[in-house]
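In the order they appear, the protein sequences are chains D and G. Under the numbering used here, the first residue of the first sequence carries the number 233, and numbering increases by one thereafter. Under the numbering used here, the first residue of the second sequence carries the number 49, and numbering increases by one thereafter. Beta carbons are placed, not taken as given, at the ideal position from N, Cα and C, and that holds for glycine. Shown next, in structure tokens, is the structure this report addresses.
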Amino acid sequence: MSLRLHPLTFIVGAVRELAALLAAGATGLLVGGMSTAFYFTLAGLAFGLVFHVANWVTFTYVLHNDRIELRRALVGRSVKSIPRDRIRGVDISASLPHRLLGLAIVHIDAGADGGEGELNAVSRHEAERLRRVLLTRDLPAPPQRVLGRMRRRWYVYAPLSGAYLLTPFALAGSLLGTVYNLGDDLGLITRERVANVGHDVVGLPTALVLALIIVMLVAMPVMSVIVFTLFNWDFTVRERDGSIVAERGLVTRRSVSLERRRLRGVELTDNPFERMAGVTRLGALITGLGDAAHRGRLLPAAPRPAAESLASRVVGAIPGPLKPHPEAARSRRVIRAVAPPAGVAVLAVLAGQPWVAYVCGALAVLAVPLGLDRYRQLGHATDGERLSVRSGALRRRQVVVEHSAIVGWRIRRTLFQRRLGLATLFAAVGAGEGGYSATDMSEPDAIALAAAITPAWLTPFLEPPKQERT
Amino acid sequence: MRRSHHRDGGGPHPPRLRPPAHRVSPRAIAHWAIEYLLVWGLAFGLALGVAAWLGDSGWDALPGWLTGRVGLLPYIVGIAGLLMVTVAPVWRYRVHRWEVSADVVYTRTGWFSREWLLVPVGRIQTVDSKQGWIERLLGLATIEVNTASHTGSSEVSGLPVDVATRLAEDLAHRAHDLRDDAT
């Protein structure tokens with residue numbers, strides 16, 4: 233049965249163009265009266281409407297047992313066929329006009345080998361049905377269960393993560409740009425005026441400038457919270473049909489389905505500010521998920537216990553406590569943090585550039601506590617089913633991956649690591665960044681950890697116990 | 049040391065990996081040496097050019113401390129290149145080893161920084177065998193074992209062609225037979 237998109241779709245498309253054309257038409261009227269510009273606008277509007285209707289008439293989609301086909305026959309004919317077993321996620325989103333008309337955009341993601349398809353737009357009801365049908369694979373719709381939900385209070389954590397802190401500047405910039413362009417189009421901007429404005433700005437009383445700066449400083453966190461809330465309003469994580477569905481957004485409501493069988497683990501990230509407040513971010517590691525940083529998000533900001541309990545409902549309990557790495561790793565972390573600025577400082581002294589040397593020297597001193605903190609954050613643990621590794625200071629990350637998700641081991645030892653008896657163990661995982669490392673473990677610990685998780689892979693290559701090395 | 053309380057240790061003695069069984073072909077030394085020679089030769093030529101150009105131009109835009117010392121650049125590049133060409137290939141040859149057991153590909157690569165890599169045959173997605181022009185001259189080939197993860201993908205260079213071809217075919221067959229959900 234071949235289906236069409238919702239008839240109201242072309243209204244949404246046309247409305248968007250109408251707004252743009254009206255603006256252009258109004259400008260035309262202002263500048264030249266009932267001139268050619270006005271008729272051009274009208275013609276453009278009519279053409280746009282015809283285009284949208286034609287698009288709607290010629291676009292159909294067919295749901296087969298094994299695939300979904302998207303047919304387009306406007307200019308050339310094209311049939312896009314997406315095999316249903318390749319579909320990795322079905323996202324539903326709706327902008328404000330879509331929501332007013334009860335429509336939703338369905339985005340079908342089929343990974344690298346299947347491509348992706350978009351249905352823009354169908355009714356909300358049809359969108360839900362498509363998602364259910366495309367993701368279930370012959371299962372009756374099981375009940376859904378809420379795994380986690382953002383609380384109101386958590387939205388004030390937004391400035392801690394640095395998220396959207398620069399929003400006021402971006403807004404001010406785009407506002408100024410718009411004013412300038414509009415003024416330029418209308419011929420209001422001349423060299424003298426720009427120069428006058430420049431003189432006025434320079435001549436402003438200091439108190440006013442200070443006040444402006446303070447307003448900006450206050451606006452930064454406030455706007456950050458507002459924009460963060462807009463994007464993440466009522467962030468809810470549900471379990472449905474073997475998928476984990478994360479829904480969020482106030483104006484544009486967006487929902488991302490992550491298939492359980494493609495889930496390999498989770499990651500908890502935070503920065504020093506968030507650590508002080510006990511806040512963390514939770515993300516999912518999914519095989520073959522594009523734009524994973526945004527789409528794999530399970531909680532954008534939450535107190536650590538809440539994030540951990542959601543993580544345990546998604547992959548299972550987080551193994552712990554983490555075992556610290558040997559003492560030798562500390563000096564290595566500190567040296568690696570200090571060496572780059574110190575090296576530049578030495579070069580600057582040789583080149584006779586005292587100021588560069590001072591700055592780099594100060595950076596090198598600051599790098600010492602950073603290196604120490606990097607060492608403190610190193611850790612690893614396994615509970616027989618999941619491996620957890622943690623590293624990083626300015627952006628600390630703890631990753632939890634299932635043992636069954638590990639597709640290989642890589643052990644790296646530089647000359648310096650060999651002298652210190654250290655080794656970095658990478659667990660290769662076909663999701664997220666592809667590999668997660670336990671940095672600077674003691675060498676026997678690294679091998680023992682890998683051997684404990686996948687004994688069959690390592691045992692044939694272990695040295696026979698000939699003598700006890702101390 | 050903290051070895052006494054290994055909860056998850058393999059046994060009473062600290063576990064150690066033995067090196068993989070097979071060395072690569074000794075001709076690989078020549079291959080790496082030629083490669084380094086080409087790259088560092090080019091770098092040396094560029095350094096000479098830059099030094100000559102900057103030395104003659106008497107350009108005011110550059111700070112004096114730089115123009116005075118730019119003559120050192122070709123020497124630095126030359127010495128580094130000489131070291132790389134003479135030391136690195138032999139060092140790499142001593143490190144590079146490989147072995148394929150029943151279900152695992154085990155390799156050791158690198159020189160200054162060494163990497164041990166264990167990839168189970170069941171998780172292999174593709175096996176490529178390739179030859180650059182230097183390798184063609186020397187009768188060598190490189191095998192690339194790819195998994196779903198870049199970290200878990202290995203490359204063994206410097207194998208004799210016949211060994212590489214046989215190994216690639218054998219691995220591809222077995223990977224196909226053993227393949228589980230290889231992600």
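Taking the Cβ atoms as the reference, V209 (chain G) lies roughly 7 Å from L188 (chain G), within the contact range of under 8 Å.
Counting every other CB atom within 10 Å of its CB across the protein chains shown gives I445 (chain D) a total below 16, marking it as exposed. Interface residue (Cβ-Cβ distance to chain G less than 8 Å): W689 (chain D) is classified as such.
In this chain, the beta strand (DSSP E) harbouring W146 (chain G) covers R145 to V148.
Those residues of the segment 476–502 of chain D placed with their C-beta closer than 7 Å to a C-beta in chain G do not exist. Look at A680 (chain D): its C-beta is under 8 Å from a C-beta on chain G.
Using a Cβ-Cβ cut-off of 8 Å, F291 (chain D) does not count as an interface residue toward chain G, since no Cβ of chain G sits closer than that to its own. Runs of the alpha helix (DSSP H) lying entirely within the segment 392–445 of chain D, each at least 4 residues long, are 399–417 and 423–434 in chain order. Residue burial annotation: N413 (chain D) is exposed, with fewer than 16 other C-beta atoms found within 10 angstroms of its C-beta. Taking a cut-off of 8 Å on C-beta distances, the segment 445–465 of chain D does not touch the segment 291–310 of chain D, as fewer than three cross pairs fall below it. Against chain D, a Cβ distance below 8 Å from L65 (chain G) picks out I643, I679, L690, F693, L694 and E695. When only Cα atoms are considered, R320 (chain D) and I127 (chain G) end up about 53 Å apart. Within the segment 477–510 of chain D, the runs of alpha helix (DSSP H) at least 4 residues long that lie entirely inside it are, in chain order, 504–509.
Shown here, R66 (chain G) sits in coil according to DSSP, grouped into three states, outside any helix or strand.
Using a Cβ-Cβ cut-off of 8 Å, L654 (chain D) does not count as an interface residue toward chain G, since no Cβ of chain G sits closer than that to its own. Put simply, the segment 637–646 of chain D touches the segment 154–166 of chain G. At least three CB pairs are less than 8 Å apart.
Here G520 (chain D) carries a coil assignment [DSSP, helix/strand/coil]. T134 (chain G) is outside the set of residues whose beta carbon lies under 8 Å from a beta carbon in chain D. Listed along chain G are T195, S197, T199 and G200, each with a C-beta nearer than 7 Å to that of A660 (chain D).
A direct Cα-Cα distance of roughly 9 Å separates P676 (chain D) from G653 (chain D).
Within chain G, not a single residue places a beta-carbon under 8 Å from that of A560 (chain D); the smallest gap is close to 11 Å.
Close CB contacts of H79 (chain G) within its chain, under the 7 Å cut and outside five residues either way in sequence, are with I182, E183, L186, L188 and G206 (chain order). Taking C-beta atoms as the reference points, I337 (chain D) and E348 (chain D) fail to come closer than 8 Å.
Under DSSP, the beta-bridge partners assigned to M673 (chain D) are D:A655. It is roughly 29 Å from the alpha-carbon of R75 (chain G) to the alpha-carbon of R222 (chain G). Within the model, the alpha-carbon separation for P137 (chain G) versus S620 (chain D) is close to 37 Å. Cα atoms of W139 (chain G) and V204 (chain G): separation of roughly 16 Å, rounded to the nearest angstrom.
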